[in-house]
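*Asks:*
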Amino acid sequence: MPSASSSAPTGEQGTGGSAGTSGGAADAGGTGDTPASKGFDKALGMNEAAEATYKDDDGATQLEIKPTKVEKGSWDDFKGFDLKDTDTKNLVPYYLVMSYTSKGGAEPWVTTWDAKRDALVSPDQEVGRLTTLDDFDKCPNVDPNLKPGQFKKGMTENACKVYMVPKDKPLYVRWGIGGTGEDVKPIVWKVVD
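Following this line, the structure appears as structure tokens:
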């Protein structure tokens, strides 16, 4: 287990904040479309793949994206971490892995598409996220099996993030807005009932 001083998680996005753009499962990769504001009635399910185009300075990469694993954690998993500035009351940590497979297009050396992911409990309520500064075995934020180099067609990257979810709430993951690259019509999956 890494030491607390080098791996203290930091909170990002408090619960109850506005999620920015709300939306349901959108037609993947569309730009300029207004997402549904009624809720997540068209959310995809776990392991259900969607296709999207990720565009940045390297060009456009066609991706197949899906959540492949969600695991309910425990705050005991963070023994040795400094959580004193993180409000964990009535929250549960969830480890959520997203899979990105290149279907062709640009072959960047550094992939940044996971920065377009966030998690929500409703269309207008994001959940907080913990960022570990070092490797965290239960949820590696960089795929340990991915070798440095160009991300070529057929390659898959898996990235895990730790979300702090209010107890007894559903959990949705959204991809397509924020982070790096051009924003697209968001895709939403329901990963916890």
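Using this note's numbering, read the sequence shown as starting at 37 and increasing by one per residue.
Don't be surprised by glycine CBs; every beta carbon is placed ideally from N, CA and C.
Count the other CB atoms within 10 Å of the CB of Trp-225; is the residue buried (16 or more) or exposed (fewer)?
*Replies:* Numbered from its first residue, the sequence shown carries residue 225 at position 189. Result: buried.
*Asks:* Since Asp-229 and Pro-206 are thought to touch, with beta carbons under 8 Å apart, how far apart are those beta carbons, to the nearest angstrom?
*Replies:* Indexing the sequence shown from 1 puts residue 229 at position 193. Indexing the sequence shown from 1 puts residue 206 at position 170. The Cβ separation is near 6 Å, so the contact holds.
*Asks:* Which residue's Cα is closest to the Cα of Val-209: Gly-217, Ile-223, Phe-114?
*Replies:* Here residue 209 is taken as the residue at index 173 of the sequence shown, counted from 1. For Val-209, the nearest C-alpha among the options comes from Ile-223.
*Asks:* Let me know the secondary structure DSSP gives Asp-154 once reduced to three states.
*Replies:* Residue numbering aside, residue 154 sits at position 118 when the sequence shown is read from its first letter. Correct three-state label for Asp-154: strand.
*Asks:* Tell me Pro-103's beta-bridge partners as DSSP assigns them.
*Replies:* The residue you call residue 103 lines up with position 67 of the sequence shown. Beta-bridge pairing links Pro-103 to Met-134.
*Asks:* Look up Ile-213 in the DSSP assignment and give the residues it is bridged to.
*Replies:* For this step, residue 213 is matched to residue 177 along the sequence shown. None, per the DSSP bridge assignment.
*Asks:* How about Lys-139 and Gln-98: do their beta carbons lie closer than 7 Å?
*Replies:* Along the sequence shown, one-based indexing puts residue 139 at 103. Along the sequence shown, one-based indexing puts residue 98 at 62. Yes.
*Asks:* Is DSSP giving Trp-145 helix, strand or coil here?
*Replies:* Sequence index remark: in the sequence shown, residue 145 carries index 109 (1-based). If DSSP states are grouped into helix, strand and coil, Trp-145 belongs with coil.
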